[in-house]
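Trainee: End of the sequence shown = 1080 in our numbering, gap-free, step of one. Take this structure, written in C-alpha cells, and hold onto it; I'll ask about it next.
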Amino acid sequence: MSLRDSQISPKRKRMDRFFGAFCFLSIAIACLVLVYLLWTVVQDGAGRLNAQFLDSFTSRLPARAGIKAALAGTVWVIVLTGVIAVPIGVAAAIYLEEFSTRRTWLTNLIQLNIANLAGVPSIVYGLLGLALFVRWMSLDRSIIAGSLTMSLLILPMIIIVSQEALRAVPYSYREGSYALGATKWQTIRGQVLPSALPGILTGVILSVSRAIGETAPLITIGAVTYIATTPQGVMDKFTVLPIQIFDWASRPQAGFHETAAAGILMLLVVLLTLNAAAVILRYRSQKRRG
C-alpha cells in the first residue's frame, strides 16, 4: 500500500460507514412511514369491510356505499390489459433480441422510442387513448377502450424487461440447441423462453402493479365515477377501484373517508393476489428449470 493510500483509507472508511448508515436510515424512515400509512388505512377502513360493502354499489350515503361495480370493473380491465399487452410485449422483445440481430438505424430508432415511451407520463397515454380508441375507433367509454389504453401504458416496460430477461440467457444454450439440429424457433421456444420466463414474469408483475393503481388515463378516456351495474361485456361502461377511491376521498364527509380507506384495502388485496399468482408461477418455472 502506498503512502497516499494509507492516508486516504481512513477517510474512505468513514465515508463508507456514513453512506451505509444514511442508506439504512433512509430505508428505516421509508418503512416506518409505510407502516404508519397502512396502519391508518386499516384503522379507518377495517370496520367497513363486510359483505354489504363488497356486494353494494356506490351511494350518496357513506354507510350504503359499496365497491361491487368498481371491483368488477378493475378485474375486467386488468385481465384484458394483461391478455392484450403481455403477448404483444413478449413477442416484440423476442423479435428485437432474437430475430433482429443486425442493428440497423430502424431497430435503433425502435429501441430508443421504447425506452422513451417507458418514461412518458400516464396522462399522455390517456390523451392518446381518448383520441385513438374512444373517438377515432368509436369504442366509446368502454372496458375495451380502457384496457387498450392501459396496454399502451405498460407495453414499453414489458418489452424492456423481457429483453433484459432474454439477454441474460447464456448464448451457450442457443449454441447447444443449434448443434442438436433445432431450428431457431425451436431453440427460442424450448430453451430461451423457459430460461427467461422468471425475468419476464417479474416485468409482468411490475407492469400490472402499475396498471392497477393508475387513475389519470382512465379518467381521461371517460371512466365514470358512479355506476349502478356491473360490466357484462367489453363494450360496457365501467369504473375501477382507484377512481372510486379518489371520488370518495374528495368528498367532505368523514364517512366517505372511511369508505375510501376500505376501498384502499380491497385494492391492496387485489394487487397482492395478482402479484402472488405471478410469483408462484415464477417460482414453479425456476424449480422446473433447476
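All C-beta atoms, glycine included, are put in the ideal place defined by N, C-alpha and C.
To the nearest angstrom, how far is it from the Cα of I1035 to the Cα of F812?
Mentor: Those two C-alpha atoms are separated by around 35 Å.
Trainee: Using CA atoms only, rank isn't needed, just tell me which of R925, S937, L945 and G989 is closest to A955.
Mentor: Nearest of R925, S937, L945 and G989 to A955, Cα basis: G989.
Trainee: From L793 to S799, what does the alpha carbon distance come to, in whole angstroms?
Mentor: Its pLDDT being 46, under 50, L793 is placed unreliably by the model, and nothing is read from it.
Trainee: Nearest to T1005 by alpha carbon, out of R979, A1052, P911 and Q842?
Mentor: The residue with the shortest Cα to Cα distance from T1005 is P911.
Trainee: Pick helix, strand or coil for M791, following the three-state DSSP scheme.
Mentor: Residue placement at M791 is flagged as unreliable, the pLDDT there being 46, under the threshold of 50; the coordinate-derived value follows with that caveat. Coil.
Trainee: Compute the Euclidean distance between the alpha carbons of E887 and L945, then round it to the nearest angstrom.
Mentor: Looking at the two C-alpha atoms, the distance is approximately 16 Å.
Trainee: Determine the DSSP secondary structure at D834, reduced to helix, strand or coil.
Mentor: Note: D834 maps to helix in three-state DSSP.
Trainee: My output table needs one value for A1013: the three-state DSSP class, helix, strand or coil.
Mentor: It is coil, neither helix nor strand.
Trainee: Which residues in the same chain have their Cβ closer than 7 Å to the Cβ of I857, if we skip the five residues on either side of it in sequence?
Mentor: Cβ within range, chain order: F843, L844, L1031, Q1034, G1053 and M1056.
Trainee: Around the Cβ of M947, are there at least 16 other Cβ atoms within 10 angstroms (buried) or fewer (exposed)?
Mentor: Buried is the call here.
Trainee: Compare the beta carbon distance of I1011 and G909 with 8 Å and say whether it is the shorter of the two.
Mentor: Their beta carbons are not under 8 Å apart, which means I1011 does not touch G909 by this criterion.
Trainee: Taking just the CA atoms, how far does G1045 sit from V1060?
Mentor: Distance between the alpha carbons of V1060 and G1045 is about 23 Å.
Trainee: DSSP on G1003, reduced to helix/strand/coil?
Mentor: DSSP places G1003 in helix when its eight states are reduced to three.
Trainee: Helix, strand or coil: which one does DSSP assign to S967?
Mentor: If DSSP states are grouped into helix, strand and coil, S967 belongs with the helices.
Trainee: Jot down the residue ranges of each uninterrupted alpha helix (DSSP H) in the stretch 973-1003, minimum 4 residues, whole runs only, in chain order.
Mentor: Within the stretch 973-1003, the complete alpha helix (DSSP H) runs of at least 4 residues are 974-977 and 983-1003.
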